[in-house]
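In what follows, a single structure is set out as structure tokens and then discussed.
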Ligand code: SF4
């Protein structure tokens with residue numbers, strides 16, 4: 004897709020990432036609600052590129068357990084945010100999970116299937 008300049012020098016990609024239940028927008032900027040602050044460059048601000056590269060949506064849809072607790076460590080680089088680490092934990096077992104959540108399926112005794120929200124239908128927008 005086409006790139007344009009933001010007015011501050013850095014190019015911004017306008018390729019649209021998939022809809023994500025964790026993304027929110029505020030005054031023209033985008034933020035990730037599962038971002039955890041790491042060091043001083045930690046941020047919760049995301050860009051299209053960040054979300055295009057993010058595995059969380061895919062992990063969530065493959066493992067729709069209501070006990071899955073996701074976190075993302077994001078680092079700010081001017082008008083770019085990189086994903087440094089995917090954190091996953093189980094709210095019932097109180098353990099950290101591998102970053103692919105491979106065991107979070109019907110085989111787990113605590114698995115509780117939840118409906119993952121999806122993009123609003125065309126006529127609801
Ligand atoms: S960084 Fe990932 S989890 Fe966060 S809003 Fe973007 S796609 Fe969603």
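Numbering (the numbering used here), first residue to last: 4 to 128. We put the CB at the ideal spot given by N, CA and C, even for glycine.
When the Cα atoms are used, what is the spatial distance from residue i to residue j?
{"i": "residue 115", "j": "residue 36", "result": "22 Å"}
{"i": "residue 69", "j": "residue 117", "result": "6 Å"}
{"i": "residue 82", "j": "residue 99", "result": "31 Å"}
{"i": "residue 51", "j": "residue 120", "result": "20 Å"}
{"i": "residue 7", "j": "residue 90", "result": "Because residue 7 sits at a pLDDT of 48, beneath the cut-off of 50, its placement in the model cannot be relied upon, and the following sentence gives the value as read from the coordinates. So the two alpha carbons sit approximately 33 Å from each other."}
{"i": "residue 87", "j": "residue 30", "result": "26 Å"}
{"i": "residue 59", "j": "residue 107", "result": "14 Å"}
{"i": "residue 96", "j": "residue 39", "result": "21 Å"}
{"i": "residue 72", "j": "residue 92", "result": "5 Å"}
{"i": "residue 75", "j": "residue 17", "result": "22 Å"}
Is residue i near ligand 1, judged by its Cβ being under 8 Å from some heavy atom?
{"i": "residue 119", "result": "no"}
{"i": "residue 36", "result": "yes"}
{"i": "residue 64", "result": "no"}
{"i": "residue 71", "result": "no"}
Could you give the DSSP three-state label for residue i: helix, strand or coil?
{"i": "residue 126", "result": "helix"}
{"i": "residue 93", "result": "strand"}
{"i": "residue 81", "result": "coil"}
{"i": "residue 54", "result": "helix"}
Going by DSSP, name the residue or residues bridged to residue i.
{"i": "residue 34", "result": "27, 48"}
{"i": "residue 116", "result": "68"}
So with Cβ pairs under 9 Å, would you call residue i a contact of chain C?
{"i": "residue 71", "result": "Reference to chain C is not applicable here, since this structure consists of a single protein chain."}
Could you pull the start and end residues of the alpha helix (DSSP H) that residue i belongs to?
{"i": "residue 61", "result": "59-65"}
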